[in-house]
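All remarks here apply to the structure that follows.
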Amino acid sequence: RVPGTAPPEPQNNIPKVEKETLFKSFKSRILGSNSETGDSEGDPYVKGPEPTFTATLVNVAESTSTGDKDESLALSIHLHKDGVARVRITEEYGKPGTKYQKARWTSDELVLNLEEMVPATNVRMVDGADPGLAEDDQANLSTIVEKIDSTGNFAQDNFVFFQYGDDDSSNQSASCLLLVQLEPFSIYLWRGDNTHGPPIVTINTENLMHFEIRRTKEEQQQQEEHIAKTLPDDVDKEDTLDENSDRHGGKEIVGYWEDGLAIYADGSREERPEEDTDDAEHRRLLEEQAPELDKEGMWEEDFQTHHDSKPFGPMSVGADVIFPQSNHLFGLPEHASSTQLKTTHGEGADYTEPYRLYNLDVFEYELDETMALYGEVPFIISQSKVTGSVGVFYFNPTESFVDVEIMPDNNGSKTHWMSESGVMDIFILPGPDPKSLYGQYAKLTGRMPLPPMFSLGYHQCRWNYRDEKDVYDVHSNFEELDYPYDVLWLDIEHTDGKRYFTWDSNAFPNPKQMQEKLSSQGRNMVTIVDPHIMRDNAYYVHKEATAKSLYIKDKTGKADYDGWCWPGSSSYLDFTNEQVRSWWADQFSYDKY
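Each residue of the sequence shown is one higher than the last, beginning at 263 in our numbering.
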């Protein structure tokens, strides 16, 4: 969805499970928590506990985005000891018969706190398709499924559920029950202390899941040709001569209007025949799928003077995540909006645009808006008297949009996540209370180090302090007014021509003495250091980074990317590389800076 346009309706998405069941799930293999095989074999980027359950999501649409009739995805479910459930969906790759040998890059190693992601060891699976299923398990499965389908007209073999969580069986709130519906694919989670109520979180129950698989231009051309053959023309070229004669009633045709209808010699014009309802709906659906309606930006885009190519075409992913019985959602920092998330979709929505998740350097921003600011955290917390505290961490670092909507009859909150690229990787944090929830989040993404005491005080900063005299004047005024402050900041102008880790020798000839004077009176100084590096071969930081190949590469993967920022022509360090992170940290040592 492009901001400013209406969000897609379920029946126009892939998967269109509501009408046509485009994706259905088949169990391919079940892996125990101690198995030595799993996602990590084929995907070098995924980290953490091995999957408890894997399956293949099969696209059975008549017309797929890539034109491939065998389009499928790999599903894995990873269950953690603290109750966290991870649902991960990727393309299939690296196996015989699959199109791609390499996985999409993900940032597990950079973000996840792998040391504390402990797999659940006490997992029990109940498969509704098991012919030897015990009567008690059959009864339990039916009881659970009735929570989401009260009609009783469900096929028991269409469900699998898992009981897992803390080994301490006395702590019911630490145990969880995860239900997988195979067709159409969806997921439901209950806590052990709330299995008689509604699920605390659901995924894809609104059928908004989509996953654009990588493709080539040649494949896309084949798809266009296929759809062109199925699209009916306004003037059907396959009409027989007799049909054409009957259609015009023997009148002489002297031309055609822009809509393709005939102009007759007697001055009259052809009337468009009425379509019955079924034909009109069929035409509408086909036209919406026609690739020519959405070709612009498919393979390349221009952003003012910047050109971006997309050799694999569109690679968007997304899904709906619902919090039943909860109308209070929080999270998605940073946005200049209220603490409680406002609605962006549905009747009476507070906003007309979804929350944008993107990291931007915003000089001036608007208040009470969903526009992106300096950072983004794709984490939402639900608070409800019925379901307690529940969280969802949508682990995708690409540009994303999130719609928030109150369900009919105030029966819960729906979120719709849409990302430019990446994979679908959703962590459900079951709570049940704020303390437990934040503990689960800390285990998942790590804990912040305790900041130095001085950093908790007041920081004085502006763009920009011109020189040492300016610094001393500001400091002395604080002293004279007896106004407490702990830190004085210097912006990028303190450097030698915006070469970070250097000083402007004219404006700041004695930086060490300046800092010692501030320190003697209980003050500290912070100098800004940006991660874009001026491309100047006489600049030691750039020279060393180039020699050690530490920069992000351009699309060829060979040359260093040459961008533009405050210093002018700049390159950017590849912080996804552990060697780069270590080298960058060394630049701050006292013997260098």
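Glycine residues also receive a C-beta, built at the ideal position from the N, C-alpha and C atoms.
Please state whether the Cβ-Cβ distance between I584 and G693 is less than 8 Å. With contacts defined by Cβ atoms closer than 8 Å, I584 and G693 do not form a contacting pair.
Among V320, G575, Y362 and A347, whose alpha-carbon lies nearest the alpha-carbon of E312? A347
Roughly how many whole angstroms lie between the Cα atoms of H340 and W367? Going from the Cα of H340 to the Cα of W367 covers about 19 Å.
Measure the alpha-carbon distance for S530 versus Q443 and round it to whole angstroms. Straight-line Cα distance between these residues: approximately 59 Å.
Across the region 654 to 665 and the region 679 to 698, are there enough close Cβ pairs to call them in contact, namely three or more that are closer than 8 Å? yes
Same chain, Cβ closer than 6 Å to D735, neighbours up to 5 away in sequence not counted: Cβ neighbours of D735 beyond the five flanking positions: none.
Within 10 Å of its beta-carbon, does I643 have 16 or more other beta-carbons around it, so buried, or fewer, so exposed? buried
Any idea what DSSP makes of S767, helix, strand or coil? coil
Just to confirm my understanding: we take Y747, look at its own chain, exclude 5 residues before and 5 after, and list those with CB closer than 8 Å. What are they? G719, Y720, H721, Q722, F740 and R785
Looking at T677 and D665, is the spacing between their C-beta atoms short of 8 Å? yes
State buried or exposed for S717, treating a residue as buried only when at least 16 other CB atoms are found within 10 Å of its CB. Residue environment: S717 is assigned as exposed (fewer than 16 neighbouring CB atoms within 10 Å of its CB, all protein chains considered).
Cβ-Cβ separation, K309 to E371 (assumed contact under 8 Å), whole Å: 6 Å
Using the Cβ count rule (16 or more neighbours within 10 Å means buried), how would you classify K805? exposed
Where D798 sits in the DSSP three-state scheme: coil
DSSP has Y745 in a bridge; who is on the other side? DSSP lists no partner for Y745.
Roughly how many whole angstroms lie between the Cα atoms of S738 and L750? Near 12 Å, if we compare the C-alpha coordinates of L750 and S738.
Using DSSP with H/G/I as helix, E/B as strand and the rest coil, what is I406? helix
Around the Cβ of E638, are there at least 16 other Cβ atoms within 10 angstroms (buried) or fewer (exposed)? buried
With DSSP run on the structure shown, which of helix, strand or coil describes P381? strand
From M787, F770 and P771, residue whose alpha carbon lies closest to that of E778: M787
Counting pairs of beta carbons, one from the region 764 to 780 and one from the region 725 to 735, are three or more of them closer than 8 Å? Contact holds: three or more Cβ-Cβ distances are below 8 Å.
Would you decide whether Y415 is buried or exposed? Buried here means 16 or more other CB atoms lie within 10 Å of its CB. Note on identity: in this sequence residue 415 is Asn, with Tyr being the wrong assignment. Exposed, by the Cβ-count rule.
Report back the beta-carbon spacing between I465 and V349 to the nearest angstrom; my notes put them in contact at under 8 Å. Confirmed, about 6 Å.
Beta-carbon separation of T316 and L335 under 8 Å? no
Exposure of T757, with buried meaning 16 or more beta-carbon neighbours within 10 Å: buried
Going by the beta-carbon positions, is the gap between K817 and S571 smaller than 8 Å? yes
Which residue spans inside the region 674 to 709 form an unbroken alpha helix (DSSP H) run of at least 4? 696 to 707
Give every residue of the same chain whose Cβ lies closer than 8 Å to the Cβ of Q363, excluding the five residues on either side of it in the sequence, and list them in chain order. Y355 and G356
So what's I449 in DSSP terms, helix, strand or just coil? strand
Quick check on DSSP: helix, strand or coil for V279? Here V279 scores only 25 on pLDDT, less than 50, and its place in the model is too uncertain to base an answer on.
Can you give me the Cβ contacts of I668 inside the same chain, cut-off strictly under 7 Å, excluding the 5 residues immediately before and after it? N589, T605, G608 and S675
Close-in-space but distant-in-sequence residues of the same chain around S507 (CB under 6 Å, 5 per side omitted): Caution is warranted here: a pLDDT of 47 is assigned to S507, below 50, making its placement in the model unreliable, and the coordinate value is therefore given only provisionally. Excluding positions up to five away in sequence, the list is empty.
Can you name, in chain order, every residue of its own chain whose Cβ lies under 6 Å from the Cβ of S369, other than the five neighbours on each side? P659
From P773, D428, D398 and T405, residue whose alpha carbon lies closest to that of N384: D428
Where T838 and K479 are concerned, what is the direct C-alpha to C-alpha distance, given to the nearest angstrom? 30 Å
Terminal residues of the continuous beta strand (DSSP E) containing D582? V579 to P586
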